[in-house]
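A short worksheet on the structure shown next.
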Amino acid sequence: MNTNIKNGDFGKRLKTMLKVDARRMFTMPTVWIMLAVSLALPILILVMTSFIGGTTVNPQTGAEETVETFTNVWQAIGSAGGAMSMDLTSMCNINLLYFLVAIFVCLFVGEDFRSGYVKNLFTVRSKKLDYILSKTIVLFVAATGMFVLYFIGAMIGGGIAGLSFDLAAVGASAGGIIACMISKVFFALVFVSIALTLATVGKQRLWLSILGSLAAGMLLFTMIPMMTPLNSGAFNVALCVLGGPLFAAGLGAVSNVILNKTSLV
Amino acid sequence: MNAIEIRNLTKTFGEKRAVDGLNMTVPQGAIYGFIGENGSGKSTTEKLICGLIQPSGGEIKLWGKDYRDQGVRSQIGVLIESPGCFPNTTVWNNMKLQAANLGLKNENEEIRRVLHLVRMDGAAGNKFKNCSLGMKQRIGIAFALLGNPTLLVLDEPINGLDADGMRIMREILTDLSRRGTTVLISSHILGELEKIATHYAIIRGGRLLKEMTAAELNANCPTYVAVRVDGTERVRTILERAFGRADIDEQTGEIRVYNANAEDVSKYLFGNCGIAVSEIRTAKISLEEYYIDLMREEK
Chain X
5 MNTNIKNGDF GKRLKTMLKV DARRMFTMPT VWIMLAVSLA LPILILVMTS FIGGTTVNPQ
65 TGAEETVETF TNVWQAIGSA GGAMSMDLTS MCNINLLYFL VAIFVCLFVG EDFRSGYVKN
125 LFTVRSKKLD YILSKTIVLF VAATGMFVLY FIGAMIGGGI AGLSFDLAAV GASAGGIIAC
185 MISKVFFALV FVSIALTLAT VGKQRLWLSI LGSLAAGMLL FTMIPMMTPL NSGAFNVALC
245 VLGGPLFAAG LGAVSNVILN KTSLV
Chain B
16 MNAIEIRNLT KTFGEKRAVD GLNMTVPQGA IYGFIGENGS GKSTTEKLIC GLIQPSGGEI
76 KLWGKDYRDQ GVRSQIGVLI ESPGCFPNTT VWNNMKLQAA NLGLKNENEE IRRVLHLVRM
136 DGAAGNKFKN CSLGMKQRIG IAFALLGNPT LLVLDEPING LDADGMRIMR EILTDLSRRG
196 TTVLISSHIL GELEKIATHY AIIRGGRLLK EMTAAELNAN CPTYVAVRVD GTERVRTILE
256 RAFGRADIDE QTGEIRVYNA NAEDVSKYLF GNCGIAVSEI RTAKISLEEY YIDLMREEK
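If you're matching them up, the sequences are chains X and B in order.
One point on numbering: in the working numbering, the residue at position 43 of the first sequence is 47, and numbering is uninterrupted.
One point on numbering: in the working numbering, the residue at position 111 of the second sequence is 126, and numbering is uninterrupted.
Dropping the structure here:
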């Protein structure tokens, strides 16, 4: 067979696997839908919530109630100090994207099993680690794209809704915002690897991996603002840039064992 | 050198033994017909060979090396159950993925070659989900042929093919075998298998019942004279007395006379007994009949 895949040639094996995954990603509509949602979601949230902000009268009790909505565009990216409150700005910001990333990972990996493509893949590949590594890399790249688009969408949505762009008003700085985004992107590796592991467990049972990933996401949701506050510093960046890949490596090893020990079809 | 050697292979699913101490040897260049009832362990064995499920015990060697060896694994083309294509993607893009997976250098040329081989040149632009069952099966074969593998593992590849498709498949497999490719093929369409297989294995309950070459099968399948007459049972007794073994085929109503030739039987019936024969021909026990008889004996 005229093939590049040989024993022990890790670099070439990974390269071919990455080529497969990159091709898969960009010839299928799911990634484009996810990227479009990432861009549109903040625009919709910021524009829609700008209509409901302020005080309203509860029709049942007649009491005046205050609905806290976005006043500053940076609230869509995070909160300074990492505090998580149960208001709209904390629940409907960029951190929602982690759930979208987890669902995307489950769809992307689950499709390999549901279509039976794993038969073609693993018949010619005995090293499951190539698969895990390649999937982690391409899904991390896609997640990065989703975060960048959400950021752009938040800027557009903030502009349309007429929100303030004042950094000082939310206790942030330009450097802090950049550090916050870098931290958030690398923290996505945690969600990618959890969803990837659950997808290798669930295999054809997509519902199982999606439900599992969402449940795991709920557990981690309160941790995200603390790890990636709006005024992130070097410590947050270091924690996420080192911790994300380490966590992914650990769970990747678990996924590798799962694929090696269980039936693939 | 043998392409596949299986020793004491076992696979259990809970309490059920899908493959139970299976021993099998597939010589290089053989078209190895793998036969058995539904649930006999054919597909499980093929999945084990391809590394898609893990054995509970035993040994699988491909060209003398462990089946997990990356070097030998990249020599296998596979079609098990379905082609494993993404339904919303075009045939061409699906094949590009597999070409990348195989690390092929001349992807486009190779895809065109295999699509042409299975007469599916015109289907490259179709979404896989829009292809008919027969088309999907042919595309599955094209997938398996990508990169010119040395071993083909095909699970029921003839299912869903029309007569022309079956003929094309026969031609492709025979040609590949001539060029040294080993083909492990399971099928329930024994008539088709008989036309191409050089070796056979019959399994039941995950155990090997028989392993033989086409020549050995031939020796095990005697020729007979099939006679169609009125008063079948009476004539059978006459023929049995004259020629030894004579049976009635319940399905066709013919009398089968073994150890005789058509001319002798005809002369004897007409000349000696005055019995008019409406039809007489020489035939051979087919693989299907052999298989059914073997299954009956084993029960």
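Glycine included, each C-beta is placed from N, C-alpha and C at the ideal position.
Reference B:P42, options B:R88, B:I19, B:R83, closest by Cα: B:I19
Among X:S217, X:A192, X:V189, X:L243, the one whose alpha carbon lies nearest that of X:T201: X:S217
B:I46 vs B:A212 beta-carbon contact at 8 Å: yes
CB contact below 8 Å: B:K111 versus chain X: yes
C-alpha gap between B:S58 and B:T238, whole angstroms: 33 Å
Cutoff 8 Å: X:F126 Cβ touching any chain B Cβ: yes
Where X:V269 falls: helix, strand or coil (DSSP): coil
Start-end ranges of the alpha helix (DSSP H) lying completely within the segment 131 to 173 of chain B, minimum 4 residues: 148 to 160
Whole-angstrom distance between X:A165 and X:A147, CA atom to CA atom: 26 Å
B:E231 to B:H214 span [Cα, whole Å]: 9 Å
Beta-carbon gap between X:S213 and X:A199 smaller than 8 Å: yes
Beta-bridge partners of B:K299, as assigned by DSSP: B:T238
Option nearest B:R222 by Cα separation, candidates B:N17, B:R22, B:L191: B:R22
Extent of the continuous beta strand (DSSP E) to which B:D35 belongs: 31 to 42
Same chain, Cβ closer than 6 Å to X:L43, five either side skipped, listed in chain order: L153, G157
Three-way DSSP call (helix, strand, coil) for B:M227 in this model: strand
Among B:N174, B:V133, B:R271, B:A178, the one whose alpha carbon lies nearest that of B:L160: B:V133
CB of B:G51 within 8 Å of CB of B:I217, strictly: yes
The segment 78 to 90 of chain B touching the segment 239 to 246 of chain B, judged by at least three CB pairs closer than 8 Å: no
Complete alpha helix (DSSP H) runs within the segment 65 to 108 of chain B (minimum length 4 residues, chain order): 85 to 88
Any C-beta of chain B under 8 Å from that of X:S138: no
Counterpart residues of B:F49 in DSSP-defined beta bridges: B:S201, B:A216
Expected contact under 8 Å - CB spacing of X:G162 and X:L50 to nearest Å: 6 Å
Near-chain B residues of the segment 98 to 131 of chain X (beta-carbon distance less than 8 Å), N- to C-terminal order: E115, S119, G120, Y121, V122, K123, N124, L125, F126, T127, V128, R129, S130, K131
Buried versus exposed, by CB contacts within 10 Å (16 or more), B:P70: buried
Proximity of B:M39 and B:E186 at Cβ, strictly below 8 Å: no
X:E115 and B:F143 closer than 8 Å at C-beta: no
Neighbour-count burial assignment, X:V261, 16 or more Cβ in a 10 Å radius: exposed
Nearest-angstrom Cα separation, counted from X:I107 out to X:L137: 19 Å
Within chain X, partners of B:N108 - CB distance below 7 Å: T31
Same chain only: Cβ atoms within 7 Å of X:C184, ignoring 5 sequence neighbours per side: I81, G82, T232, P233, L234, S236
C-beta atoms of X:Q79 and X:V194 nearer than 8 Å: no
B:M184 versus B:L67: straight-line alpha-carbon distance, rounded: 25 Å
Within-8 Å CB hit, X:K23 to chain B: yes
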